[in-house]
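In this note's numbering, the protein residues as written are 80 to 482.
See structure below.
Shown next as structure tokens:
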């Protein structure tokens, strides 16, 4: 290991705090000066030191003032190397979660189950990229007995990079669908990118937890050491859906017999996210009653699979970073809900590249087949494909707010 990383790690261990934002940096943290499209973190290093950062890691020599400024070739690479070195010092299970949809919900469900028995760390919010994952790893407390790390990607090679940093021994791919097509090129690119987690675990003798009902995932995980979950008679761990209105309820075929689990989640598409958490809980020997408790205690947030009750309405909120696959599933689930009056409000799906026009058109064609009383569309993409369906369309959220 590089002498510089060892020295940085010695400094890091004194306070175990890192930051890439000089505005919110805490005293005694290490500041990493990262670059973005519209900013250069090196220019904020002085502010970080003024706020009592221990040191500032910079990669532009003109910003070096004194010994508190550590000059490196690449600040981002140094952050990633430090995180990897920290990971190598920990002898605890690391579980990686990837996939097109449901990553954060699955990660939180797994954490909710494992924390019933173990001190479990989970990625905060959606810090799941080449910057967020290293920061997450460097945030793992010393008392942690488990780590659940979410991995996102918008281009091929990113999951491989994150696996190299995280060194997971276990992994889940929730599903593979149409998202970030602008970066991946097409669905084949998405498949190749997401499969990188399986490839890493296969090469390093790790274990994958795989949805037995998903033919694509079963094919891609062939050759891996795997544990499966699915509907009854289709995996190592099984359950069936009992109800979906307004919340999802399942009957889990546990080692102690059938167990009913009533969740606070909207949408039958969360069934497999729950099963992933159950299978990992069982694998790590969490008692069945604690698995049930963990799942039932989980309340979704951040506009993911939420049910919001008002005085006169019930709102189904599933609006975080939508893509064609997730939007279609949410709309179909919403259509099943019994109600006298139904309104759909949806916005543009981003990062779809050349597929954007067709995918937005498909969503409108789907809605036209359903019994929806009013449809409100927001964004230029939907506006560009709209013909004469009688839907209401706005250019942006501000325009819709003043309607």
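The C-beta atom is built at its ideal place from N, Cα and C for all residues, glycine as well.
Bear in mind that the values here come from a model prediction, so they are computed numbers and not experimental data.
- In this structure, residue 275 lies near residue 239, with their beta-carbon atoms less than 8 Å apart.
- Per DSSP, the continuous alpha helix (DSSP H) segment holding residue 92 begins and ends at 82 to 94.
- Look at the region 427 to 478 and you find these whole runs of alpha helix (DSSP H), each 4 residues long or longer: 435 to 447, 459 to 464.
- Annotated three-state conformation of residue 371 is helix, per DSSP.
- Within a 10 Å sphere around the beta-carbon of residue 418 sit fewer than 16 other beta-carbons, which makes this residue exposed.
- Apart from the 5 residues on each side of it in sequence, residue 427 sits with its Cβ closer than 8 Å to the Cβ of 439, 457, 458, 459, 460, 461 in its chain, given in chain order.
- In the DSSP assignment, residue 229 falls within the beta strand (DSSP E) that extends over 225 to 229.
- Separation of the CB atoms of residue 108 and residue 122 is rounded to 18 Å, and the pair is thereby denied contact status at 8 Å.
- If you draw a straight line from the Cα of residue 329 to the Cα of residue 350, it comes to about 8 Å.
- Contact annotation: residue 224 and residue 171 have beta-carbon atoms nearer than 8 Å.
- Listed as beta-bridge partners of residue 333 by DSSP are 336.
- Residue environment analysis places residue 219 among the buried positions, since at least 16 neighbouring C-beta atoms fall within 10 angstroms of its C-beta.
- In summary, residue 406 is buried, with 16 or more beta-carbon neighbours lying within 10 Å of its beta-carbon over all protein chains present.
- A straight-line Cα-Cα distance of about 21 Å links residue 246 and residue 82.
- For residue 401, same chain residues with a beta-carbon under 6 Å away, outside a window of 5 residues either side, are 428 in chain order.
- Residues 436, 439 of the same chain have their beta carbon placed closer than 8 Å to that of residue 463, with the five preceding and five following residues left out of the count.
- By the Cβ test, the region 349 to 367 is in contact with the region 184 to 191, since at least three Cβ pairs between them sit closer than 8 Å.
- Within the same chain, 302, 303 come within 7 Å of residue 281 by CB-CB distance, once the 5 residues on both sides are set aside.
- Collapsing the DSSP output to three states places residue 308 in a strand.
- Within the DSSP secondary-structure output, residue 150 pairs in a beta bridge with 137.
- Secondary structure at residue 284: coil, using DSSP grouped into helix, strand and coil.
- The continuous alpha helix (DSSP H) containing residue 351 extends over residues 350 to 362.
- If you look at residue 385, you'll find it in the beta strand (DSSP E) that goes 385 to 388.
- Taking a cut-off of 8 Å on C-beta distances, the region 150 to 165 touches the region 119 to 138, as three or more cross pairs fall below it.
- Taking C-beta atoms as the reference points, residue 343 and residue 321 fail to come closer than 8 Å.
- Looking at the backbone, the Cα of residue 142 and that of residue 353 are separated by about 49 Å.
- About 11 Å separates the Cβ atoms of residue 269 and residue 252, ruling out a contact at the 8 Å cut-off.
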